Amino acid sequence: DAGITQSPRYKITETGRQVTLMCHQTWSHSYMFWYRQDLGHGLRLIYYSAAADITDKGEVPDGYVVSRSKTENFPLTLESATRSQTSVYFCASSGGLAGVLTQYFGPGTRLLVL
Amino acid sequence: AQSVAQPEDQVNVAEGNPLTVKCTYSVSGNPYLFWYVQYPNRGLQFLLKYITGDNLVKGSYGFEAEFNKSQTSFHLKKPSALVSDSALYFCAVRDMATGGGNKLTFGTGTQLKVEL
């Protein structure tokens, strides 16, 4: 039971570079979410997806792009990384027997933008 | 808009003593409420949720939470704390009066430290 995985777990990049963070879930959950976690802000929603090919903005979407061509994958792309995007990024999914409201989280990707 | 507040950045408690981590919420309709726990360098783990029914909800690892509608609170409790309970705890809310994506709004987190 792999659950929800994220890759890479750690990433160092430079300002202006494009970075893609991967998220994969094996539960066939319909909903998937991307959050960033910063000290003093808790978790803030970047983007979410209700199903394949359906995505919508969250609280802090600027500078990020998402796609969802398959139910199990929900990659997050930073088109031109900035230092303010240094953060820990969490992917989550919900659906199935636990219901669409209970979200299950991946282990996170720690991103440092130099 | 839905929101949740965790008024304490940190809670310290001695092992064996009861613990309470506070959460208050604001919604326009009925709330769905959640508690999650995060251990160092890990993702968030679901602890428990309140949807409807009994105001006292029991969850994983001996935790429970009490829903109080009049005080708009959903405090997390445990009768006897363990050192291994030391972690970051998040409260989250979903306002059932609003549509759009089953989004949860998270609090800023409370660091629980249980000492011997």
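As you go down the protein sequences, you meet chains G and Z in turn. Under our numbering, the first residue of the first sequence carries the number -16, and numbering increases by one thereafter. Under our numbering, the first residue of the second sequence carries the number 57, and numbering increases by one thereafter. Glycine included, every Cβ here is placed at the ideal spot set by N, Cα and C. Bear in mind the structure is a predicted one, so any value in this text is a computation, not a measurement.
- To the nearest angstrom, how far is it from the Cα of residue 142 of chain Z to the Cα of residue 77 of chain G? 26 Å
Among Z:150, Z:59, Z:93, Z:86, which residue has its Cα nearest to the Cα of residue 119 of chain Z? Z:93
task: Name, going along the chain, the residues of the region 69 to 81 of chain G whose beta-carbon falls closer than 7 Å to a beta-carbon of chain Z.
output: 73, 77
Straight-line gap, residue 170 of chain Z to residue 97 of chain G (C-alpha atoms, nearest Å):
36 Å
Practice problem: Give, in chain order, every residue of the region 46 to 59 of chain G whose Cβ lies closer than 7 Å to some Cβ of chain Z. | Solution: none
Q) Since residue 66 of chain G sits in a beta bridge, which residues does DSSP pair it with? A) Answer by DSSP bridge pairing: none, since residue 66 of chain G is not bridged.
*Of the residues that make up the region 64 to 89 of chain Z, which ones have a beta carbon closer than 8 Å to any beta carbon in chain G?*
88
Q: Would you identify the three-state DSSP class for residue 106 of chain Z, choosing helix, strand or coil?
A: strand
### Query
Would you say residue 99 of chain Z faces chain G, with C-beta separation under 8 Å as the test?
yes
Notebook entry, point to check: Can you tell me where the beta strand (DSSP E) with residue 117 of chain Z in it begins and where it stops?
Noted result: That residue, residue 117 of chain Z, is in no beta strand (DSSP E); it is neither H nor E in DSSP.
Suppose the cutoff is 6 Å on Cβ atoms and the five residues either side in sequence are ignored; what does the same chain contact list for residue 87 of chain Z look like?
81, 149
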